[in-house]
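Novice:
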Amino acid sequence: MITKTTPNPENALRAQKFLKEAGTYYLATVDGDQPHVRPFGTAEIFEGKLYIQTGKVKNVYKQLIANPKAEICAFKDGKWIRIVCELIPDDRVSAKKDMLDKNESLRSMYNENDDNTIVFYMRNASAAISSFTSEPETFTF
92 MITKTTPNPE NALRAQKFLK EAGTYYLATV DGDQPHVRPF GTAEIFEGKL YIQTGKVKNV
152 YKQLIANPKA EICAFKDGKW IRIVCELIPD DRVSAKKDML DKNESLRSMY NENDDNTIVF
212 YMRNASAAIS SFTSEPETFT F
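FYI, in this note's numbering the residues of the sequence shown are 92 to 232.
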């Protein structure tokens, strides 16, 4: 369930660090009543917010525009993070350029000035880092 949270850049950085160290995370969206999950790799901080990137031609973009509620999950070193959030589109060239500058490998497919590249930032995000051996660590951003 999404609850209104106060932006917290320090906690956004904490979530980003986990996602980057995991390397791959899984983004869940819905299309009507059908969930969809796919692997992602982009996770960057811009203006204190945690951003991801995709293409407007992809179904994930269409699903997030129709319903911005999403969940993210990643696993590393016996721990996993779950993030419940809204993913809000940011079509500014500066936000897209920042993402692509930090992920040069995407430049063969995307450009901040094209009509396809889009970035989303996490709003009202609640995260939990869990393991089988300790209590979950929860935080918001």
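Glycine included, every Cβ here is placed at the ideal spot set by N, Cα and C.
Between V128, G123 and L191, which has its C-alpha nearest N207's C-alpha?
Specialist: L191
Novice: Going by the beta-carbon positions, is the gap between I321 and R214 smaller than 9 Å?
Specialist: With the chain running from 92 to 232 in the structure shown, residue 321 is simply not present.
Novice: Assign Q154 to one of two classes, buried (16 or more other C-beta atoms within 10 Å of its C-beta) or exposed (fewer than that).
Specialist: buried
Novice: Tell me, please, whether the segment 125-145 touches the segment 99-113 by the rule of three or more beta-carbon pairs shorter than 8 Å.
Specialist: yes
Novice: I'd like to check one pair, W171 with S217: are the Cβ atoms closer than 9 Å?
Specialist: no
Novice: On the three-pair Cβ rule with 8 Å, is the segment 159-168 touching the segment 113-122?
Specialist: With contact defined as three or more Cβ pairs closer than 8 Å, the segment 159-168 and the segment 113-122 are in contact.
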